[in-house]
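A short worksheet on the structure shown next.
2 protein chains.
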Amino acid sequence: MLTKAEINYLNSLARKKFRQKYNNFFVEGDKSVREVLEDGGAEIESVFGTADWAETHRHLLQKYGDKLTVISPGELRRISQLKTPNQAFLVAKQRENDWTAADVKSGFSLYLDGIQDPGNLGTMLRTADWFGWQYVFLSPLCVDFYNPKVIQASMGAFLRVKAPIVTLEILKKEVPEIPILGATMQGDNLYTLPKLNAAVVVIGNEGNGISPEAAAFLNQKISIPAPATAGAESLNAAIAAAIIAGQLTYGQ
Amino acid sequence: MLTKAEINYLNSLARKKFRQKYNNFFVEGDKSVREVLEDGGAEIESVFGTADWAETHRHLLQKYGDKLTVISPGELRRISQLKTPNQAFLVAKQRENDWTAADVKSGFSLYLDGIQDPGNLGTMLRTADWFGWQYVFLSPLCVDFYNPKVIQASMGAFLRVKAPIVTLEILKKEVPEIPILGATMQGDNLYTLPKLNAAVVVIGNEGNGISPEAAAFLNQKISIPAPATAGAESLNAAIAAAIIAGQLTYGQ
Chain A
4 MLTKAEINYL NSLARKKFRQ KYNNFFVEGD KSVREVLEDG GAEIESVFGT ADWAETHRHL
64 LQKYGDKLTV ISPGELRRIS QLKTPNQAFL VAKQRENDWT AADVKSGFSL YLDGIQDPGN
124 LGTMLRTADW FGWQYVFLSP LCVDFYNPKV IQASMGAFLR VKAPIVTLEI LKKEVPEIPI
184 LGATMQGDNL YTLPKLNAAV VVIGNEGNGI SPEAAAFLNQ KISIPAPATA GAESLNAAIA
244 AAIIAGQLTY GQ
Chain B
4 MLTKAEINYL NSLARKKFRQ KYNNFFVEGD KSVREVLEDG GAEIESVFGT ADWAETHRHL
64 LQKYGDKLTV ISPGELRRIS QLKTPNQAFL VAKQRENDWT AADVKSGFSL YLDGIQDPGN
124 LGTMLRTADW FGWQYVFLSP LCVDFYNPKV IQASMGAFLR VKAPIVTLEI LKKEVPEIPI
184 LGATMQGDNL YTLPKLNAAV VVIGNEGNGI SPEAAAFLNQ KISIPAPATA GAESLNAAIA
244 AAIIAGQLTY GQ
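Protein chains in written order, with this note's numbering: chain A, 4 to 255; chain B, 4 to 255.
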């Protein structure tokens, strides 16, 4: 049985302020919680699950025995941030999002300049994970990596892809030999770029694109071409990032 | 001043049942409403805007004079489905989503097999619009094209891209010479396909992929490759559609 204080504490983790205060975050839902448990990389603080769920996943939960609390569906509803609470809820420690210049030099990375939509960030983590891109760098103004909607949309990618918060200025200074490509409306055609083995791809804010501060550090502007007859003014940020990621990884 | 009956009517349009009953739908927010007015293609039933908004867009509203109702911010809140209501609200007639075999033969189309997430459908309309793809066909089990979240995510693409509801069986029968490619986890590498000038690309349901009913009509299964070291189990459906659309349009 959860106390009122425990419920308040778990609810507080929906807010960045409290996630930072306690240096942790939560993951919800059967599939996501199982993925964290199976991955084994996260430092787990506590696991909450309904009796049926805990019984079904007994083997998986064995080594977390003292951290598991079996709760009622009613209790789950009180701690859940989902419209349809789903069997399990887990709290884990935030991890260090460290990075090295050597790893940036070894392949492609995304750099998100003020991405605000948590669904977009989560989706970009998932896409980077698919293509084996190691880093999704975040500018200081991006939505919080541990926002529950980021975690949800990333479908487990938050466990693998690292998302250090860093300015483009520092990245440029530390890894000057790696080209920084900016996704813009008027740049060089993505599909006619020479083959690259490493680059940092900058994706701008959903409404305003790449900020002047970040634009100053671009080596090249690139664009996804559109036929003259096409109507859309722009692509969704996560969509643009994915098209570029696919082309840089496999194209040419 | 809106009557209670008017408010109830406008609220009812958030539900597919009532949109079908009245054969109309709504669009919300300054930017989206302006785009519909500027486009001029939709048959507009009524426009609602705050006094400031109506004044600012006087020229645009001129020819809709008798259809415009100036409302208070409080009234806007009562008819809006947005968390943050934004100045304007418009009701328009649903249009015929007709299609011809000749147009299908002339280029690429998407076929969505049971896509449920309105954000995904809206995003795929936007992507198709960007690449000049004329059709996003929908299986009968897809989310409603006129769902407010589809309209919102499409960023105006719903005005241009047509989304006929049709079975893959009928499409195959009417346009037998066009290859039907299915996006799957284990198919031929997207990046090594021969250059095509026309195709129908099938994107499956978010959780279950392409249904057995649709799979029976595929000419070829294709996949977006992932390095052996990558971690993600799958890509978001709208992301996969975009990567494939970009490659078919511009790749090779």
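Yeah, the Cβ is synthetic: ideal placement off N, Cα and C, and Gly gets one too.
query: Please name the residue in E31(B), E58(B), Y67(B) and L79(B) whose C-alpha comes closest to that of T6(B).; result: L79(B)
query: To the nearest angstrom, how far is it from the Cα of A95(A) to the Cα of E31(A)?; result: 11 Å
query: Quick one: Cα of P76(B) to Cα of I246(A), how far?; result: 40 Å
query: Could you list which residues in chain A have their beta carbon closer than 8 Å to that of I242(B), in chain order?; result: T126, R129, T130, A241, I242 and A245
query: Could you check the C-alpha separation between F29(A) and Y149(A) for me, to the nearest Å?; result: 8 Å
query: At what residues does the alpha helix (DSSP H) containing V36(B) begin and finish?; result: D33 to D42
query: Helix, strand or coil for T103(B)? Go by DSSP, reduced to three states.; result: coil
query: Helix, strand or coil: how does DSSP classify T72(B) here?; result: strand
query: Could you check what DSSP says for I242(A) in three-state terms: helix, strand or coil?; result: helix
query: Strictly below 8 Å CB to CB, what residues from chain B border L238(A)?; result: R129, T130, W133 and A245
query: Assuming F220(B) and L171(B) make a contact with CB atoms under 8 Å, what is their CB distance in whole Å?; result: 4 Å
query: Going by the beta-carbon positions, is the gap between I118(B) and N26(B) smaller than 9 Å?; result: no
query: Buried or exposed: T87(A), going by 16 or more other Cβ atoms within 10 Å of its Cβ?; result: exposed
query: Find the residues of chain B that neighbour M158(A), judging by a C-beta separation of less than 9 Å, and give them in chain order.; result: A235, E236, S237 and N239
query: Pull up the CB-CB distance for K70(A) and S49(A), whole angstroms please, since I reckon it's below 8 Å.; result: 5 Å
query: Tell me whether E48(A) sits in a helix, a strand or coil according to DSSP, three-state version.; result: strand
query: Mind listing the chain A neighbours of A229(B)? Cutoff is C-beta to C-beta under 8 Å, in chain order.; result: W133, F134 and G135
query: Tell me the rounded alpha-carbon separation between V205(A) and G110(A).; result: 15 Å
query: Can you give me the C-alpha to C-alpha distance between A240(B) and N123(B), rounded to a whole angstrom?; result: 7 Å
query: Could you name the residues of chain A that G254(B) contacts, counting a contact when the two beta carbons are closer than 8 Å?; result: Y194, Q250 and G254
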